[in-house]
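Residue numbers (the numbering used here): 3 to 119.
To keep things clear, I will list the structure first and then write my remarks on it.
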């Protein structure tokens, strides 16, 4: 079965276009290096929960929107190889202070799908 990396970030509304440009480049790089799919989604119905929620998870402020993303691979082993290539790709090398979001508040992880219908 496949493997999935998931990401959630808070992006300032003023930086959405810059984020889309960054995401387009990242998606191209991931796909060129073997990812099966690369998906970026802007929050549309993402309520602030009392205890937990997407906005709380990334400490989103009023001027930010939550972005949820995922990358699908053939397997965990394939993901590890793809990630090595992505991280070595010059197009992915940049100073985090220039990113259109606060990378310190990004949450991410790798997941093993157990159902795909």
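Every residue gets a Cβ at the ideal spot worked out from N, C-alpha and C, and that includes glycine.
- Three or more beta-carbon pairs separated by less than 8 Å link the stretch 21–28 to the stretch 94–108, which places the two stretches in contact.
- Linking residue 108 to residue 36 through their CA atoms gives a straight-line distance of about 23 Å.
- Restricting attention to beta strand (DSSP E) runs no shorter than 3 residues, the stretch 61–90 encloses them at 66–75, ordered along the chain.
- Per DSSP, the unbroken alpha helix (DSSP H) holding residue 56 starts and ends at 56–59.
- The alpha-carbon separation between residue 58 and residue 101 amounts to approximately 21 Å.
- DSSP places residue 29 in no beta strand (DSSP E) but in the uninterrupted alpha helix (DSSP H) bounded by 18–34.
- When only Cα atoms are considered, residue 115 and residue 38 end up about 14 Å apart.
- Per the DSSP secondary-structure output, residue 10 pairs in a beta bridge with 70 and 109.
- Between the C-alpha atoms of residue 16 and residue 66 there is a straight-line separation of about 8 Å.
- If you compare the alpha carbons of 41, 40 and 62 with that of residue 48, the shortest gap goes to 62.
- Excluding the 5 residues flanking it on each side, residue 88 has same chain C-beta neighbours closer than 7 Å at 31, 32, 35 and 94, in chain order.
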